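Here the structure comes first, spelled out in structure tokens, and everything after it is commentary.
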Amino acid sequence: MEMEMEMASPLVRLCLEQACKSGDAVERWRLQRRSLERLPPHLADALLRHLLRRRLLFPSLLEVFKHSVEKIDLRGESSINAEWMAYIGGFVNLLSLNLSDCQRINNSTLWPITGLTSLTELDLSRCSKVTDAGIKHLQSVANLEKLWISQTGVTEAGISLLASLKNLSLLDLGGLPVTDRNLTSLQGLTKLEYFDIWGSNVTNEGAVSILKFSNLSFLNLSWTSVTQAPDIPHLECLHMNKCALLSISETHCSALSSLKKLVLSGATFSAETEAFYFASKSSITYVDVSKTPIQNFSFLETMTKLEHLDLSSTAFGDDSVEFVACVGDTLRNLNVSDTKITSTGVEILSPHVPRLETLSLSQTFVDDLSILYISTMMPCLKDLDLSMTSIKGFIQKQSPQEEEAEPSLAALKSLTSLETLSLEHPYLSDTALSPLSSLTGLTHLSLKGPSLTDFTLHSLSSLPNIVSLGVRDAVLTNNGLEKFKPPLSLRTLDLKGCWLLTKDAIAGLCKRHPHVKVKHEFVQDSTSLDQNQLLPRSSPPQSFAKASRRKNNPRPETSAAISRSSIDQRVKYNREELVALQDSPLSRLLPREGEFVSVPEILADFDSVIHLT
């Protein structure tokens with residue numbers, strides 16, 4: 001919506017802003033019965049969404065849009081009910097309707113849209129009250145081309161009814177009890193290109209029926225009992241997360257010559273499949289084998305077009321870096337977080353990834369030396385995650401006569417393309433982070449640690465392009481927050497865990513800078529609409545998505561401190577110190593590195609904290 005507003009002419013933007021300025025403004029042009037029939041569809045869509053975001057849209061107002069709007073996105077709106085749907089049923093030119101996460105949508109509320117002959121896209125994801133009866137209503141919407149009904153109440157019988165929707169090119173049945181019989185009944189959907197059946201009851205026997213969908217380019221078999229991929233000639237994207245892959249032979253996979261994206265997060269492999277033999281590996285550009293027990297990474301050697309690689313939470317270490325280096329020339333995104341890689345591995349890798357744009361090294365053993373390798377050998381880097389590592393912010397000079405250490409983060413200034421940086425670490429101090437104020441290209445910065453004070457917050461206010469800034473779990477004071485002057489570009493400020501700030505101080509910040517969205521325990525959470533905009537079309541529940549952590553994978557030396565940092569930080573101070581800190585501009589009483597209290601001390605002092613709060 002905001003992008004469309006930016007692309008529109010100044011006059012159009014002004015008109016849209018004035019039309020949505022207030023409830024009174026809306027009522028004025030509504031009472032004047034001004035018709036929107038001649039408004040271009042893209043502007044009508046933009047106006048409708050703008051009204052919705054400002055909470056100025058109500059059911060009867062929908063009527064003025066019924067001849068012009070082509071797309072309606074109501075995802076996550078808890079107010080959508082039968083009255084809303086009755087008006088939407090009159091939208092004669094409606095092409096796309098998104099009702100995902102609208103919990104009041106049920107079978108009867110779908111009845112009004114059965115006459116929408118122009119409707120081609122319908123999203124009912126996670127509308128749990130929609131059942132087989134609702135699917136019967138949808139059978140009359142014959143022109144449907146894309147349908148999302150994941151995690152609804154539809155059963156095996158209802159799924160079979162979808163066979164009448166012959167124009168479907170996309171069908172999302174994620175989380176539904178799809179059976180082998182269902183796949184047989186749906187074979188008439190010959191136009192199907194996108195098929196999502198994660199978490200279904202499909203077996204290897206039923207997966208054979210998928211071969212009938214000869215035009216498939218996307219297939220999701222995650223969380224099923226299928227053990228090998230159907231050899232579909234034109235398949236480009238395959239998801240088999242949490243599957244137990246038993247055999248992938250050369251003959252079987254020779255048909256997967258078009259495969260570009262392979263996602264196997266959390267999957268397990270037999271000895272035969274661990275070699276990952278693919279006859280046409282050179283076509284693959286995206287590989288995700290995160291959270292797998294794989295030990296041998298030699299399968300990467302011939303993936304010469306690889307652009308995205310996720311090896312997070314695997315046994316990947318310095319001894320396997322050479323396999324990534326072999327294909328590093330085309331690599332754009334690399335995730336090796338929660339692995340055994342060290343700064344030595346980064347040193348080996350850095351000369352071989354000249355085009356790398358995104359790198360995640362969080363929860364690894366890398367130290368400050370890795371920053372030097374990254375800064376000098378990865379010139380295209382835009383997104384860097386160094387959270388929860390062994391980085392301290394300083395590098396000891398090699399000369400024994402020089403005792404003063406150099407700030408390691410200053411080297412990041414050479415990364416002129418760097419836009420996003422994450423440094424969430426309990427031991428990074430204000431002094432260590434001071435070089436960050438010179439990274440003028442940053443748009444997103446995330447910091448977290450009990451050693452950070454008002455000094456860090458104020459120094460970062462000089463970043464001219466910062467859009468999102470997080471300074472979490474810090475010892476920020478009311479006085480420091482009052483003096484904080486955010487840059488004009490700032491839109492989001494995350495202060496969660498900054499326990500010393502009072503409700504009045506947070507409220508004052510929000511009032512002084514209304515254009516900045518503040519995140520804190522004293523600020524009410526975002527609306528359900530904003531939260532659900534982050535959800536993918538088919539989002540597995542946490543019970544499916546949680547993967548067990550690998551055993552026998554030791555953490556960096558910071559892990560103990562990281563776990564302690566989640567404890568209420570007030571226990572590090574006595575009553576008098578807390579009172580003094582409340583309005584202090586600086587955090588003089590901040591304990592030095594290593595002065596974390598023990599668990600017995602925490603328990604002994606817990607009562608005093610409760611009384612104080």
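Note that the UniProt record's numbering numbers the sequence shown so that position 42 is 42, with each residue one more than the last. Just so it is clear, CB atoms sit at the ideal spot from N, CA and C, and this is done for glycine as well. Nothing here was measured: the structure is a model prediction, and the numbers come from that model.
Please go through the same chain and pick out, in chain order, the residues whose beta-carbon is closer than 6 Å to the beta-carbon of residue i, but skip the five residues on each side of it.
i	result
C326	E301
S343	V366, D367, L369, S370
K129	N106
V516	P486, L490, L493
A86	P112
L221	M240
G134	N107, L110
Y373	V346, E347, S350
S362	S337, D385, S387, M388
With burial defined as no fewer than 16 other Cβ atoms inside 10 Å of the residue's Cβ, what is the status of residue i: buried or exposed?
i	result
N143	exposed
I610	Legend: pLDDT at I610 = 41, less than 50; position of this residue unreliable, no value from coordinates given.
S60	exposed
P426	buried
W198	buried
V92	exposed
W148	buried
S312	buried
N167	exposed
A44	buried
S298	exposed
R38	exposed
A157	exposed
D473	buried
E424	buried
Taking DSSP as the reference, what is the three-state secondary structure of residue i?
i	result
W198	coil
R472	strand
H425	coil
V12	helix
V263	strand
A19	helix
N107	coil
F323	helix
D329	coil
P59	helix
V518	strand
C510	helix
K503	helix
A405	coil
V287	strand
E307	coil
A315	coil
H458	helix
I72	strand
L369	helix
N220	strand
T431	helix
S375	helix
T344	helix
Thinking residue i and residue j are a contact (beta carbons under 8 Å), I'd like their distance in whole angstroms, please.
i	j	result
E307	T330	6 Å
N241	W223	7 Å
E121	L95	7 Å
L245	L262	With a Cβ gap of about 11 Å, L245 and L262 do not count as contacting.
L176	V154	6 Å
T358	L334	7 Å
G480	D454	3 Å
F65	L36	6 Å
L124	T152	6 Å
Can you list, in chain order, the residues of its chain with a C-beta nearer than 7 Å to that of residue i? Leave out the 5 residues immediately preceding and following it.
i	result
A405	F394, I395, Q396, K397
T502	N478
A518	Note on identity: in this sequence residue 518 is Val, with Ala being the wrong assignment. Contacts found: L493, L495, I506, L509, C510.
G115	G89
L418	L381, K382, L384, L412, L439, G441, L442
H444	E419, T420, V467, S468
What residues in its chain sit with their C-beta under 8 Å from that of residue i, if we drop five residues either side in the sequence?
i	result
C20	V26, L47, H50, L51, R54, L56
residue 630	Residue 630 lies beyond the range of the chain shown here (1 to 613); nothing can be said about it.
L11	none
K546	Interpretation of K546 is limited by its pLDDT of 48, a score under 50 that renders its predicted location unreliable; the figure taken from the coordinates is listed afterwards. For K546, where only same-chain residues beyond five positions count, there are no Cβ hits under 8 Å.
I348	D318, V321, E322, A325
V178	E156, I159, I197, S200, N201, V202
I284	L259, K260, K261, L262, F278, M303, K305, L306
State yes or no: is the C-beta of residue i nearer than 7 Å to some heavy atom of the ligand ATP?
i	result
S489	For the structure depicted, the ligand ATP is absent and the ligand set is empty, with no information on it obtainable.
Review point. Within the chosen definition, does the region 446 to 453 reach the region 406 to 414 through at least 3 CB pairs nearer than 8 Å?
Key: no
Check your understanding: Is it a yes or a no for the region 43 to 56 touching the region 79 to 89, going by three-plus beta-carbon pairs under 8 Å?
Key -> The region 43 to 56, when compared against the region 79 to 89, does not touch it at the 8 Å Cβ threshold.
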